[in-house]
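Participant: What follows is a structure written as structure tokens; I'll ask about it next.
Chains as they are written, first to last, in the working numbering: chain A, 323 to 442; chain B, 93 to 207.
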């Protein structure tokens with residue numbers, strides 16, 4: 323069964339600090355996809371990144387970077403030089419591999435989220 | 093602009109009442125999803141639909157019903173059988189439910205409370 327664990331419930335940092343949000347997942351599939359979403363106070367979830375299970379290259383996008391390690395089943399998210407606008411709940415999610423129609427394809431399994439607060 | 097519209101933003105339900113949450117998308121996406129969010133619980137899947145006229149139960153479907161008569165619309169009814177409906181409800185869509193690599197796009201949510 324698929325499972326995503328975000329052990330950090332809440333994190334508080336001061337602006338300009340670096341912060342890493344942890345994500346550990348469980349799956350029996352050999353092909354799967356991992357996602358990170360941001361939920362600002364307004365409520366909608368904003369897609370940040372997708373990573374497939376065959377691509378272990380780390381990715382950097384501006385102040386954001388992601389470290390995918392298949393050996394430890396982790397997909398951690400780092401914000402460098404955090405800003406107040408980064409304050410949000412961040413969700414890690416996992417989706418199953420392609421299969422037959424009628425299965426639970428396309429559905430996401432979410433972690434419980436990490437509330438990040440960045441203080442000025 | 094393309095996107096997902098959920099309405100209303102806030103909804104109150106009386107005891108024994110059914111209420112319907114609207115979700116409309118103009119992204120031409122095949123797949124649509126309903127999630128429930130409770131504090132500290134993350135998002136839990138209620139129902140999802142991979143194509144018009146087809147939908148499947150998620151993890152917490154009891155007390156809810158859906159329909160998918162049009163590609164762009166996926167309304168969720170919270171029935172009186174749902175004894176604890178107070179939550180934040182999020183609707184999402186993805187290009188297709190046939191492949192798991194499609195990111196889901198979310199609406200702004202509806203906050204439902206019991207009177």
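Backbone N, C-alpha and C fix where the C-beta goes; we use that ideal spot for every residue, glycine too.
Quick caveat: nothing in here was measured; it's all calculated off a predicted structure.
Taking only beta-carbon positions, decide if residue 368 of chain A is within less than 9 angstroms of chain B.
Facilitator: Mapped onto the first chain, residue 368 of chain A falls at position 46. Yes, residue 368 of chain A counts as interfacial toward chain B.
Participant: Among the residues of its own chain, which have a CB less than 6 angstroms from the CB of residue 99 of chain B, if the five just before and after it don't count?
Facilitator: As a first step, residue 99 of chain B is located in the second chain; it is residue number 7 there, counting from the start. Here the set comprises 114.
Participant: So, residue 438 of chain A versus residue 332 of chain A, is the Cβ gap smaller than 9 angstroms?
Facilitator: Against the first chain, residue 438 of chain A aligns to sequence position 116. Against the first chain, residue 332 of chain A aligns to sequence position 10. Yes, these two residues count as a Cβ contact at 9 angstroms.
Participant: Could you tell me whether the stretch 342-359 of chain A touches the stretch 386-405 of chain A, where touching means 3 or more Cβ pairs closer than 8 angstroms?
Facilitator: Touching, per the Cβ criterion.
Participant: Any residues in the stretch 128-140 of chain B with a beta carbon nearer than 7 angstroms to a beta carbon of chain A? Which ones, in chain order?
Facilitator: Cβ contacts with chain A come from 132, 133, 134, 135, 137, 140.
Participant: Going by DSSP in three states, residue 146 of chain B sits in which element: helix, strand or coil?
Facilitator: Numbered from 1 along the second chain, position 54 holds the residue referred to as residue 146 of chain B. DSSP places residue 146 of chain B in strand when its eight states are reduced to three.
Participant: Which residues in the same chain as residue 395 of chain A place their Cβ atom closer than 7 angstroms to its Cβ, once the five residues preceding and following it in sequence are excluded?
Facilitator: In the first chain, counting from the first residue as 1, residue 395 of chain A sits at position 73. The residues are 346, 347, 348.
Participant: Between residue 301 of chain A and residue 193 of chain B, how many whole angstroms is the CB-CB distance? I'm expecting something under 8 angstroms.
Facilitator: Residue 301 of chain A falls outside the range modelled here, since chain A spans only 323 to 442, and no answer is possible.
Participant: Who are the Cβ neighbours of residue 146 of chain B in its own chain at under 7 angstroms, not counting the five residues just before and after it?
Facilitator: Along the second chain, read from residue 1 onward, the residue named residue 146 of chain B stands at position 54. Hits under 7 angstroms: 160.
Participant: Return the first residue and the last residue of the beta strand (DSSP E) that residue 401 of chain A is part of.
Facilitator: Residue numbering aside, residue 401 of chain A sits at position 79 when the first chain is read from its first letter. Counting along the chain, the beta strand (DSSP E) containing residue 401 of chain A begins and ends at 396-401.
Participant: If distances are taken between C-alpha atoms only, which option among B:195, B:184, B:200, B:170 comes closest to residue 206 of chain B?
Facilitator: Reading the second chain from its first residue, position 114 is the one you call residue 206 of chain B. Closest by alpha carbon: B:170.
Participant: In whole angstroms, give me the CA-to-CA distance for residue 422 of chain A and residue 197 of chain B.
Facilitator: For the purposes of this step, residue 422 of chain A is taken as residue 100 along the first chain, with counting starting at 1. For the purposes of this step, residue 197 of chain B is taken as residue 105 along the second chain, with counting starting at 1. With a pLDDT of 48 at residue 422 of chain A, under the threshold of 50, the modelled position of that residue is not reliable, and no figure is offered here.
Participant: Return helix, strand or coil for residue 408 of chain A, following the three-state DSSP convention.
Facilitator: As a first step, residue 408 of chain A is located in the first chain; it is residue number 86 there, counting from the start. Note: residue 408 of chain A maps to helix in three-state DSSP.
Participant: Between which residues of its own chain and residue 405 of chain A is the CB-CB distance below 7 angstroms, once the five residues before and five after are set aside?
Facilitator: Taking the first chain and counting its residues from 1, one reaches residue 405 of chain A at position 83. 337, 440.
Participant: Report yes if the C-beta distance between residue 182 of chain B and residue 365 of chain A is below 9 angstroms; otherwise report no.
Facilitator: Taking the first residue of the second chain as position 1, residue 182 of chain B is located at position 90. Taking the first residue of the first chain as position 1, residue 365 of chain A is located at position 43. Contact flag set, yes.
Participant: Work out the CA separation of residue 414 of chain A and residue 152 of chain B for me, nearest whole Å.
Facilitator: Counting from one through the second chain, the residue named residue 152 of chain B turns up at place 60. Counting from one through the first chain, the residue named residue 414 of chain A turns up at place 92. Straight-line Cα distance between these residues: approximately 20 angstroms.
Participant: Is the Cβ of residue 125 of chain B closer than 9 angstroms to any Cβ of chain A?
Facilitator: Position 33 of the second chain holds residue 125 of chain B. True, the Cβ-Cβ gap to chain A drops below 9 angstroms.
Participant: Quick check on DSSP: helix, strand or coil for residue 393 of chain A?
Facilitator: In the first chain, the residue the question calls residue 393 of chain A occupies position 71. Helix.
Participant: When you compare each of A:323, A:367, A:433 to residue 397 of chain A by their alpha carbons, which one comes out closest?
Facilitator: The sequence position of residue 397 of chain A within the first chain is 75, counting from 1. Nearest of A:323, A:367, A:433 to residue 397 of chain A, Cα basis: A:433.
Participant: Could you tell me which chain A residues have their CB closer than 8 angstroms to the CB of residue 94 of chain B, listed as they occur along the chain?
Facilitator: Looking up residue 94 of chain B in the second chain gives position 2. Those within 8 angstroms of residue 94 of chain B in chain A number zero; the least Cβ separation is about 14 angstroms.
Participant: Residues of the stretch 363-388 of chain A with a CB closer than 7 angstroms to any CB of chain B: list them in chain order, please.
Facilitator: From the stretch 363-388 of chain A, only 364, 365, 366, 367, 369, 372, 374 have a Cβ closer than 7 angstroms to chain B.
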